[in-house]
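Colleague: Residue 109 in my numbering sits at position 101 of the sequence shown, and the numbers go up by one each step. Even for Gly, the Cβ is constructed at its ideal location relative to N, Cα and C. Here it is, the structure in full.
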Amino acid sequence: MSFITLADYIGVFVFAVSGGLVAIRHNMDLFGILVVGLLPAIGGGTLRDVLLDVPVFWLADPWVVCVALAGGVGAIIYKSWTRVKLFVWVDALGLALFAMLGTYKAYSLDAGFMTSVMMGTITATAGGLIRDVVCGGPPILLKEDIYATAALFGSSLGCWALFSGVSTPISLLLGFIAVFTIRAMAIKYELSLPSSDWVRGKLYRNPSNPDD
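Here's what the structure looks like:
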């Protein structure tokens, strides 16, 4: 088993756990938990492969679905034994892993810099967007929370290193650390991008009333 394949399995598993935890939070049954666990685990990678016009990764390797289902079961076991809030950290780990895997896959297919960065960002975020929409919650990708921004920055850094001739493991590690660190800082210190209300207030502030 190659390093990339192992990292792919780990990313699928942790994103499936994150999806399963969201499903449990919405009081879904066992089937719902397993299905929602699949969405972030394979959703982003599926969209990436369709856009790149290559075989969809989980169809080429059926073990991916087994790993994702195991992640859903892992979420159930986890919630049965502990109440520690682990979702955001598991999701951050999956975000970092998938951002790098998506970037590397596009790069390995001789895609350009921008395409590789976009594929990394899509791989990391599209599945979570589908999960949130299906569960009826606010998509974290579309809020001011620093999420997709972390994936975009880390993918850019990792891709820059790859195109600069840095070895693949080091390039992917640099990007992974960047994504996870940015996301972790956002979680710990509640950092966020300016919201629409903030932007609207700056654009339409009444000049005659500085306190408005």
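Does DSSP classify S200 as helix, strand or coil?
Modeller: Position 192 of the sequence shown, counting from 1, holds the residue named residue 200. Reduced to three states, the DSSP call for S200 is strand.
Colleague: Rounded to whole angstroms, what is the Cα-Cα separation between P218 and I190?
Modeller: Within the sequence shown, the letter at position 210 stands for residue 218. Within the sequence shown, the letter at position 182 stands for residue 190. Only weak support is given to the placement of P218: the predicted model assigns it a pLDDT of 49, under 50, and the question is left unresolved by the model.
Colleague: Is there contact here, the segment 162–173 with the segment 117–137, by at least three beta-carbon pairs under 8 Å?
Modeller: They touch, by the three-pair rule.
Colleague: Answer with buried or exposed for R33, where buried requires no fewer than 16 other C-beta atoms within 10 angstroms of its C-beta.
Modeller: Here residue 33 refers to the residue found at position 25 of the sequence shown. R33 is exposed by the Cβ-count criterion.
Colleague: Give a yes or no on whether the C-beta atoms belonging to V75 and Y17 are separated by under 9 Å.
Modeller: Counting from one through the sequence shown, the residue named residue 75 turns up at place 67. Counting from one through the sequence shown, the residue named residue 17 turns up at place 9. Taking 9 Å as the Cβ cut-off, V75 and Y17 qualify as a contacting pair.
Colleague: Can you have a look at K196 and say buried or exposed, based on whether 16 or more other CB atoms are within 10 angstroms of its CB?
Modeller: For the purposes of this step, residue 196 is taken as residue 188 along the sequence shown, with counting starting at 1. Exposed, because fewer than 16 other Cβ atoms sit within 10 Å of the Cβ of K196.
Colleague: Cutting at 6 Å between CB atoms, please list the residues of its own chain near L94, excluding the five before and the five after it.
Modeller: For the purposes of this step, residue 94 is taken as residue 86 along the sequence shown, with counting starting at 1. Here the set comprises nothing.
Colleague: What does the alpha-carbon distance come out to for the pair F21 and I50?
Modeller: Here residue 21 is taken as the residue at index 13 of the sequence shown, counted from 1. Here residue 50 is taken as the residue at index 42 of the sequence shown, counted from 1. Near 10 Å, if we compare the C-alpha coordinates of I50 and F21.
Colleague: Would you kindly report the start and end of the unbroken alpha helix (DSSP H) that includes L137?
Modeller: The residue you call residue 137 lines up with position 129 of the sequence shown. 121–143 is the span of the alpha helix (DSSP H), which, as asked, contains L137.
Colleague: Is the separation between the beta-carbon of F101 and that of F188 shorter than 9 Å?
Modeller: Sequence index remark: in the sequence shown, residue 101 carries index 93 (1-based). Sequence index remark: in the sequence shown, residue 188 carries index 180 (1-based). The sequence shown places Leu at residue 101, not Phe. Yes, Cβ-Cβ distance for L101 and F188 is below 9 Å.
Colleague: Span of the alpha helix (DSSP H) holding K113?
Modeller: To locate residue 113, count along the sequence shown from 1; it is residue 105. 95–116 is the extent of the alpha helix (DSSP H) around K113.
Colleague: Over what stretch of residues does the alpha helix (DSSP H) that includes I50 continue unbroken?
Modeller: Stepping through the sequence shown from its first residue, residue 50 is reached at position 42. I50 -> alpha helix (DSSP H) spans 38–60.
Colleague: Can you have a look at A31 and say buried or exposed, based on whether 16 or more other CB atoms are within 10 angstroms of its CB?
Modeller: The residue labelled residue 31 in the question sits at position 23 within the sequence shown. Buried, since its Cβ has 16 or more Cβ neighbours within 10 Å.
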